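Here the numbering used here is used: the first residue of the sequence shown is 402, the next is one more, and so on.
For glycine and all other residues, C-beta sits at the position ideal for the given N, C-alpha and C.
Note that the coordinates shown come from a computational prediction; the quantities given were computed from them, not determined experimentally.
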Amino acid sequence: MKITRREFLTATGAAALAAGLPARAWSQATIQAGGVRIDSLSDGNLTLPGNFIFGPAPQDELAELLRGYGYDAIPSRITPPCNVTLLRDGANTVLFDAGSGPAFQSSAGLLGEALGEIGVAPEDVTHVIFTHGHPDHLWGLLDDFDEPVFYEATHMIGRTEFDYWSDPDTVNNIGEARASFAVGARRRLETLGADGFTLFDGESELLPGVLAIPTFGHSPGHYSFALAAEGRQVLVAGDAITNGHMAFERPDWPSGSDQDLEMGARTRARLLDRIVAEDMTLIGYHIERPGIGRAERLSGGRYRFIAL
Ligand SMILES: [Zn+2]
Numbered sequence: 402m403k404i405t406r407r408e409f410l411t412a413t414g415a416a417a418l419a420a421g422l423p424a425r426a427w428s429q430a431t432i433q434a435g436g437v438r439i440d441s442l443s444d445g446n447l448t449l450p451g452n453f454i455f456g457p458a459p460q461d462e463l464a465e466l467l468r469g470y471g472y473d474a475i476p477s478r479i480t481p482p483c484n485v486t487l488l489r490d491g492a493n494t495v496l497f498d499a500g501s502g503p504a505f506q507s508s509a510g511l512l513g514e515a516l517g518e519i520g521v522a523p524e525d526v527t528h529v530i531f532t533h534g535h536p537d538h539l540w541g542l543l544d545d546f547d548e549p550v551f552y553e554a555t556h557m558i559g560r561t562e563f564d565y566w567s568d569p570d571t572v573n574n575i576g577e578a579r580a581s582f583a584v585g586a587r588r589r590l591e592t593l594g595a596d597g598f599t600l601f602d603g604e605s606e607l608l609p610g611v612l613a614i615p616t617f618g619h620s621p622g623h624y625s626f627a628l629a630a631e632g633r634q635v636l637v638a639g640d641a642i643t644n645g646h647m648a649f650e651r652p653d654w655p656s657g658s659d660q661d662l663e664m665g666a667r668t669r670a671r672l673l674d675r676i677v678a679e680d681m682t683l684i685g686y687h688i689e690r691p692g693i694g695r696a697e698r699l700s701g702g703r704y705r706f707i708a709l
């Protein structure tokens with residue numbers, strides 16, 4: 402298994418840089434294993450209040466933990482990257498999540514350009530498989546005209562997740578902070594319609610070499626996916642593990658980004674145990690670009706992320 406990584410600016414990015422505007426940089430990392438190629442592509446990044454992740458954690462211990470990662474204080478603002486995974490095995494071209502699209506945050510929604518950089522056109526994508534229904538993963542499903550971006554693709558999502566975001570009551574029960582998530586998800590799922598999705602349950606093989614693993618908690622029906630790559634497994638963790646520091650060192654701590662704090666923590670601990678037991682490489686959607694690495698087990702249920 403060979404991993405290469407490159408960072409690049411497009412011509413427009415270079416021009417923006419020359420004009421003193423923020424550059425638009427994409428990062429891409431590639432895992433090549435036999436006939437399988439897996440790319441981590443950047444959709445850009447989000448801008449969130451630090452409390453969105455760190456709010457429920459024990460603050461004194463958290464501050465100490467973060468100092469070990471070079472943070473003087475608990476950050477008031479965080480800018481996590483969005484790493485979309487693309488699998489190509491010669492038969493299928495599979496995207497795991499569709500990014501944010503044009504309507505969520507201006508710093509995200511760049512997946513189309515990142516795909517263009519590696520010569521993949523929207524119609525080349527045969528499957529879009531969603532980890533969950535949050536905006537930075539689902540909203541890139543549709544373009545500005547509410548047409549499917551990947552119009553030749555089969556769209557797949559876990560049944561629990563589909564049912565949750567399709568339920569008209571979700572907007573009333575989800576809480577104020579995520580009410581817009583509910584409205585946006587339902588509209589997008591309805592635009593494609595129930596016939597527009599292939600739904601799946603349990604732990605099951607969706608395509609040859611693509612195993613769906615339920616990792617509920619971050620959202621009610623969140624999924625991760627284990628990809629077979631020449632005898633090894635590459636885990637698309639999605640948001641079951643949302644950062645390279647707290648989530649590994651204290652998977653048991655509640656993360657404000659999880660809709661169900663307790664279930665999210667239990668799932669994270671169980672998944673990390675499996676990642677180590679099965680010696681998986683992992684790709685984290687919001688782990689620092691390009692989000693690829695492995696987990697090392699420390700003592701006392703703690704882990705460390707080792708970037709590759
Ligand atoms: Zn996310």
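According to DSSP, residue i sits in a beta bridge with which residue or residues?
i, result
"Phe598", "His556"
"His528", "Val495, Thr555"
"Gln433", "Lys403, Arg438"
"Ile684", "Val637, Ile693"
"Ser625", "Ile614"
"Glu663", "Looking at the DSSP assignment, Glu663 forms no beta bridge with any residue, so it has no partner."
"Pro450", "Arg478"
"Leu542", "Paired residues: none, contrary to the question."
"Pro549", "Leu543"
"Arg698", "Tyr704"
"Ala630", "Arg633"
"Ala509", "Gly445"
Starting from residue i, trace the beta strand (DSSP E) both ways and give me its first and last residue.
i, result
"Asp444", "437-446"
"Ile614", "611-615"
"Val485", "482-489"
"Glu606", "605-608"
When the Cα of residue i is compared with those of the options, which residue comes out closest?
i, options, result
"Pro482", "Leu467, Tyr472, Ala458, Gly510", "Gly510"
"Asn452", "Ile642, Pro476, Thr616", "Pro476"
"Leu488", "Ser700, Ala430, Ala678, Val550", "Ala430"
"Gly594", "Gly469, Leu636, Pro549, Glu524", "Pro549"
"Val584", "Asp596, Asp570, Gly597", "Asp570"
"Leu608", "Ala627, Leu467, Gly618", "Ala627"
"Thr527", "Ala678, Leu699, Gly645, Phe497", "Phe497"
"Pro622", "Ala641, Leu612, Gly610", "The sequence given here has Gly at residue 622, not Pro. Closest by alpha carbon: Ala641."
"Ala504", "Val521, Val495, Asp545, Leu516", "Asp545"
"Arg579", "Asp568, Gln660, Ala629, Gly456", "Gln660"
"His506", "Pro536, Glu663, Ile454, Gly639", "Per the sequence shown, the amino acid found at residue 506 is Gln instead of His. For the residues Pro536, Glu663, Ile454, Gly639, the minimum Cα distance to Gln506 belongs to Pro536."
"Leu447", "Ser508, Ala474, Arg438, Ala434", "Ser508"
"Ala434", "Glu553, Thr599, Asp490, Val637", "Asp490"
"Gly445", "Asp602, Gly632, Gly513", "Gly513"
"Ser501", "Glu606, Asp568, Glu663, Tyr686", "Tyr686"
"Arg587", "Asp674, Phe563, Leu636", "Phe563"
"Gly559", "Val529, Asp602, Ser567", "Asp602"
"Asp680", "Glu663, Thr561, Ala629", "Ala629"
"Ser605", "Phe598, Thr599, Ile614, Gly597", "Ile614"
"Leu678", "Asn574, Gln634, Gly436, Asp568", "The sequence as given places Ala at residue 678; Leu does not occur at that position. The shortest Cα separation from Ala678 among Asn574, Gln634, Gly436, Asp568 belongs to Gln634."
"Met557", "Ile530, Trp540, Ser567", "Ile530"
"Gly517", "Ser443, Trp540, Phe598", "Ser443"
Once the 5 residues before and after residue i are set aside, which same chain residues still bring their CB inside 6 Å of it?
i, result
"Glu697", "Arg705, Ile707"
"Leu542", "Ala499, Arg589"
"Ile693", "Ala430, Ser441, Ile684, Leu709"
"Pro523", "Val550, Phe551"
"Leu449", "Ile479"
"Gly645", "Ile688, Glu689, Phe706"
"Ala412", "Here the model assigns Ala412 a pLDDT of 46, short of 50, so the residue's position is not dependable, and the following value carries that caveat. Same-chain partners within the cutoff: there are none."
"Arg695", "Thr682, Ile707"
"Thr494", "Asp525, Val526, Thr527"
"Asp547", "Thr592"
"Ile575", "Ala583"
"Ala638", "Ser625, Leu683, Gly685"
"Leu673", "Pro652, Ala696, Tyr704"
Which same chain residues end up closer than 8 Å to residue i when comparing Cβ atoms and leaving out the 5 residues on each side of it in sequence?
i, result
"Leu422", "In this predicted model, Leu422 has a pLDDT of only 47, less than 50, meaning its place in the structure is not dependable enough to derive any value."
"Gly702", "Pro652, Asp653, Ala670"
"Thr405", "Ala430, Thr431, Gln433"
"Ile454", "Ile479, Thr643, Asn644, Met647, Ser656, Gly657, Ser658"
"Leu466", "His646, Met647, Glu650, Arg651"
"Gly456", "Gly657"
Determine the extent of the alpha helix (DSSP H) in which residue i is found, giving its start and end residues.
i, result
"Phe582", "580-593"
"Phe706", "First-last for Phe706: 704-708, but that is the beta strand (DSSP E), not the alpha helix (DSSP H)."
"Pro536", "536-539"
"Ala464", "460-468"
"Val572", "571-574"
"Ala648", "647-650"
"Gly517", "512-518"
In chain order, what residues of the same chain lie with their CB nearer than 7 Å to the CB of residue i, ignoring the 5 residues before and after it?
i, result
"Leu648", "Reading off the sequence, residue 648 comes out as Ala, not Leu. Excluding residues within five positions, the ones whose Cβ falls inside 7 Å are Ile642, Ser656, Arg669."
"Ser700", "none"
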